[in-house]
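What follows is a set of notes on a single structure, which appears directly below.
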Amino acid sequence: MVIRAYDEEYVSGAQRILGDAVDFAVMSLGLDPVLFGNAFAVSESSKQFAAGNPRYVAGMNGCELARKVLTETKVSFEDTEDEMFIDKSPEYWAGWVLAYYQWYSCRSFMEILNAVSLETMIGMYPVYHEMDIMQFVDRMQEMLKAAYPHTKLRIRRETCGLSQSETAANANVPLRQIQLFEQRRRDINKTAAETLYKLSKVLHCRMEDLMEL
């Protein structure tokens, strides 16, 4: 069973907030959607939003969230009064579905937006905005899978020029375990710290460099 960061009853409100934030940043402040998407991805606000911090998913409006993101990431903007419209734009929809997909997938906003830009999501509006949101979710899952075909473990192992068997032998970790990690059939994030430590030493990296977002 997937344990998500916050209860489903807060999701619709979170969607409205992020939808209004994107709409305000792009339509009212005139920012490029890629710029705002990148700023949001690296901001502390996105981490708090993903974690379900009540202040972010229920305690502020979208305009306030947009300003907070831009201030945190030191993106300059000419401020204007709060604007939230009844008629929802493609920009609003992109933020609205992004909030849902992040909640549903339990991925970080950075992982999502590094693979599929906010501009790309806005461009998906004509096809997906009248469909059930799970159609959008399914398409996003396909796009994320294409963007991240290999695990960090495999990428790091190949960078070091090691085979699976060499890595297993050098780290004193079962070969089958490495195979399962790289096939995404076992969650490396949930493995024992000792296993991560041994792999990180062999692959000359930090333990967290092997963990999936």
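In short: position in the sequence shown from 1, add 21, done, that's the numbering used here. The beta carbon of each residue, even a glycine, is placed where N, CA and C say it ideally should be.
query: Classification of Ala120 by the beta-carbon crowding that lies within 10 angstroms, buried from 16 upward; result: buried
query: Three-way DSSP call (helix, strand, coil) for Ser184 in this model; result: coil
query: Alpha-carbon to alpha-carbon, Arg175 and Glu203; result: 6 Å
query: Endpoints, the alpha helix (DSSP H) within which Glu30 is located; result: Taken as a continuous stretch (DSSP letters only), Glu30 belongs to no alpha helix (DSSP H), as it is neither H nor E.
query: Under 8 Å between C-beta atoms of Thr172 and Arg205; result: yes
query: Integer Cβ distance of Gly73 from Tyr27, believed to fall under 8 Å; result: 3 Å
query: Bounding residues of the alpha helix (DSSP H) (the contiguous stretch that carries Cys84); result: Gly83 to Glu93
query: contact_flag[the segment 47-54, the segment 100-117] where n(CB pairs < 8 Å) is 3 or more; result: yes
query: Close-in-space but distant-in-sequence residues of the same chain around Ala87 (CB under 6 Å, 5 per side omitted); result: Ala42, Phe45 and Ala46
query: Same chain, Cβ closer than 7 Å to Val63, five either side skipped, listed in chain order; result: Thr94 and Met131
query: Cβ distance (whole Å) where Leu169 is taken to contact Phe157 below 8 Å; result: Before going on, a small fix: residue 169 reads as Tyr here, not Leu. Between Phe157 and Tyr169 the Cβ distance is about 19 Å, and since that is not below 8 Å, they are no contact.
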